[in-house]
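Undergrad: Below is one structure. I have some questions about it.
Number of protein chains: 2
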Amino acid sequence: MPPDPDPLVDALVRTAYDVMRVVTRVAASHDVSVTQMRVLGILRDREPRLSELADYLGLDKSSISGLVDRAVRRGLLARRPDQEDGRASRVLLTAAGRDLARSAAGQVADGIEPLVAHLTRSERATLARLFAPDPTAAG
Amino acid sequence: MPPDPDPLVDALVRTAYDVMRVVTRVAASHDVSVTQMRVLGILRDREPRLSELADYLGLDKSSISGLVDRAVRRGLLARRPDQEDGRASRVLLTAAGRDLARSAAGQVADGIEPLVAHLTRSERATLARLFAPDPTAAG
DNA sequence: AACTATAGTTTGCTTTACCAACTAGATCAA
DNA sequence: TTGATCTAGTTGGTAAAGCAAACTATAGTT
Chain A
1321 MPPDPDPLVD ALVRTAYDVM RVVTRVAASH DVSVTQMRVL GILRDREPRL
1371 SELADYLGLD KSSISGLVDR AVRRGLLARR PDQEDGRASR VLLTAAGRDL
1421 ARSAAGQVAD GIEPLVAHLT RSERATLARL FAPDPTAAG
Chain B
1321 MPPDPDPLVD ALVRTAYDVM RVVTRVAASH DVSVTQMRVL GILRDREPRL
1371 SELADYLGLD KSSISGLVDR AVRRGLLARR PDQEDGRASR VLLTAAGRDL
1421 ARSAAGQVAD GIEPLVAHLT RSERATLARL FAPDPTAAG
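In order, the protein sequence lines correspond to chains A and B.
Just so you know, we're using the working numbering here: the first sequence kicks off at 1321 and counts up by one.
Just so you know, we're using the working numbering here: the second sequence kicks off at 1321 and counts up by one.
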């Protein structure tokens, strides 16, 4: 989207594509889709219902079923019936899934490193601060 | 990918997902895929061969054929035989494609705005500067 | 002219993701 | 309690994304 009058927006979009390229590459190296990678990341500190997962991802419930199915078949995720609601299931990482998530996170960090390699220590700190856990925006 | 020791990396990944969410939404509102949106953006100031486009996107040639086909069928792109190489085609925006690209760029800018709404003018300038047209990294 | 390399296309496959229809368990009302 | 309704998740059907492999046609090379 070149004729972007706002250089910041332009930079954000460009950087987003760069980051996604890294994530895509790392995911592929583990033979997992970007979305599945993201699921693994989300589940590291959560054990949500399928519908909650759908909300996190902004996807339709029906998209989640197959996504989780495939990951379960691969031994990365497991389903657990919800205690409080007989209709619901909760999704959680298996040991293998947790290993993959950890390893992939490291690779993503390494892959992103070059994108900010030209920044000084203090510039990085500034960047991290400006991007801080979004005070108002949705997470 | 929570247990990311580097808060900057974490912020970049999170922001990338936020940006992609906006792009996805805008693309959907035009009934176009994220990849097609990206193609429209790329073609705004270029008229590449299919193979060059494949390189830009990091996709296989075979993925490009169908992608371009569908966009041509929608009247967003056109193929033009390359003068210098009888095997090659060049891809370019139609007027409709250019309109869509322009309009979408505006929507993306508007959608991203909230992500940086909490920043002061000077903080934005800093951010834009730190993200500047990556001096070393690949574009 | 014959080989080889390159540009694109086509076919077949899996995954993604949607929608709509469905099942089963929850919830609310009478 | 029974019935109406809502919600969680699954299933089936569809279009697109993207890869790999086989193929066509043009370039380039020897």
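Backbone N, C-alpha and C fix where the C-beta goes; we use that ideal spot for every residue, glycine too.
Given the structure is predicted, the values throughout are model-derived calculations rather than measurements.
#1: So, helix, strand or coil for residue 1330 of chain A, using DSSP?
#2: Got a sec: which bits of the segment 1427 to 1443 of chain A sit with their beta carbon under 8 Å from any beta carbon on chain B, in order along the chain?
#3: For residue 1416 of chain B, which residues in chain A fall below 8 Å Cβ to Cβ?
#4: Quick check: is the beta carbon of residue 1355 of chain A nearer than 8 Å to any beta carbon in chain B?
#5: With respect to the beta strand (DSSP E) encompassing residue 1410 of chain A, which residues constitute its N-terminal and C-terminal limits?
#6: Pull up the DSSP beta-bridge partners for residue 1398 of chain A, would you.
#7: Is the number of C-beta pairs between the segment 1372 to 1387 of chain B and the segment 1416 to 1423 of chain B that are closer than 8 Å three or more?
#8: Taking the continuous alpha helix (DSSP H) assigned at residue 1446 of chain A, which residues delimit it?
#9: Compute the Euclidean distance between the alpha carbons of residue 1419 of chain A and residue 1403 of chain B, then round it to the nearest angstrom.
#10: Counting only C-beta atoms, is residue 1401 of chain A closer than 8 Å to chain B at any point?
#11: Give a yes or no on whether the minimum CB-CB distance between residue 1375 of chain B and chain A is below 8 Å.
#12: Quick one: list the residues of chain A neighbouring residue 1327 of chain B, beta-carbon separation under 7 Å, in chain order.
#13: Quick one: list the residues of chain B neighbouring residue 1339 of chain A, beta-carbon separation under 7 Å, in chain order.
#14: DSSP state of residue 1366 of chain B, grouped into three classes?
#15: Which residues mark the beginning and the end of the alpha helix (DSSP H) in which residue 1385 of chain A is found?
#16: For residue 1439 of chain B, which residues from the same chain have a beta carbon less than 6 Å from its beta carbon, with the 5 sequence-adjacent residues on both sides left out?
#17: Which one of B:1333, B:1431 and B:1437 has the shortest CA to CA distance from residue 1346 of chain B?
#18: Can at least three beta-carbon pairs, one atom from the segment 1436 to 1450 of chain B and one from the segment 1435 to 1450 of chain A, be found at a separation below 8 Å?
#19: Applying the 10 Å Cβ sphere with the 16-neighbour rule, what's the burial state of residue 1391 of chain B?
#20: With a threshold of 6 Å on Cβ separation, who are the neighbours of residue 1394 of chain A within its own chain once the five nearest residues in sequence on each side are excluded?
#21: Pull up the distance between the alpha-carbon of residue 1410 of chain A and that of residue 1329 of chain A, whole angstroms please.
#22: Is the segment 1339 to 1353 of chain B close to the segment 1332 to 1347 of chain A, with three or more CB pairs under 8 Å?
#23: Measure the alpha-carbon distance for residue 1457 of chain A versus residue 1433 of chain B and round it to whole angstroms.
#24: Which class does residue 1340 of chain A belong to by DSSP, given the choice of helix, strand or coil?
#25: Kindly indicate which three-state DSSP category residue 1403 of chain B falls into: helix, strand or coil?
#26: So, using beta-carbon positions, are residue 1451 of chain B and residue 1331 of chain A closer together than 8 Å?
#27: Using a Cβ cut-off of 9 Å, pull out every chain A residue sitting near residue 1378 of chain B, in sequence order please.
#28: Count the other CB atoms within 10 Å of the CB of residue 1358 of chain A; is the residue buried (16 or more) or exposed (fewer)?
TA: The answer reads as follows:
#1: Of the three classes helix, strand and coil, the one that applies to residue 1330 of chain A here is helix, per DSSP.
#2: Those residues of the segment 1427 to 1443 of chain A that come within reach of chain B (Cβ to Cβ, closer than 8 Å) are 1428, 1429, 1432, 1433, 1434, 1435, 1436, 1437, 1438, 1439 and 1443.
#3: Taking a Cβ-Cβ threshold of 8 Å, none of the residues of chain A is close to residue 1416 of chain B; the smallest such distance is about 17 Å.
#4: For residue 1355 of chain A, the closest Cβ of chain B is not nearer than 8 Å.
#5: The continuous beta strand (DSSP E) containing residue 1410 of chain A extends over residues 1409 to 1413.
#6: In the DSSP output, where bridge partners are listed per residue, residue 1398 of chain A has A:1412.
#7: Counting Cβ pairs under 8 Å, fewer than three are found: no touch.
#8: Counting along the chain, the unbroken alpha helix (DSSP H) around residue 1446 of chain A starts and ends at 1441 to 1450.
#9: C-alpha separation (whole angstroms): 53 Å.
#10: It does not; no Cβ of chain B falls within 8 Å.
#11: With 8 Å as the cut-off, residue 1375 of chain B does not count as an interface residue toward chain A.
#12: Taking a Cβ-Cβ cut-off of 7 Å, the neighbours of residue 1327 of chain B in chain A comprise 1448, given in sequence order.
#13: Think of a sphere of 7 Å around the beta carbon of residue 1339 of chain A: the chain B residues whose beta carbon falls inside it are 1332, 1333 and 1336, in chain order.
#14: Residue 1366 of chain B falls in the coil class under three-state DSSP.
#15: First-last of the alpha helix (DSSP H) with residue 1385 of chain A: 1381 to 1393.
#16: Within the same chain, residue 1439 of chain B has no close Cβ partners at all.
#17: Put simply, of B:1333, B:1431 and B:1437 the residue whose alpha carbon is nearest the alpha carbon of residue 1346 of chain B is B:1431.
#18: Enough Cβ pairs lie closer than 8 Å, so yes.
#19: When all chains shown are included, residue 1391 of chain B counts as buried.
#20: Cβ within range, chain order: n/a, list empty.
#21: Rounded to whole angstroms, residue 1410 of chain A and residue 1329 of chain A show a C-alpha spacing of 37 Å.
#22: Look at the beta carbons and you see the segment 1339 to 1353 of chain B touching the segment 1332 to 1347 of chain A: at least three pairs across the two are nearer than 8 Å.
#23: Unreliable positioning characterises residue 1457 of chain A in this predicted model, as indicated by a pLDDT of 48, which lies under 50. The coordinate reading is nonetheless provided below. The C-alpha of residue 1457 of chain A lies about 11 Å from the C-alpha of residue 1433 of chain B.
#24: Helix at residue 1340 of chain A.
#25: Residue 1403 of chain B falls in the coil class under three-state DSSP.
#26: Closer than 8 Å, so yes.
#27: Among the residues of chain A, those whose CB is under 9 Å from the CB of residue 1378 of chain B are 1341, 1344 and 1345, following chain order.
#28: With 16 or more Cβ atoms within 10 Å of its Cβ, residue 1358 of chain A is classed as buried.
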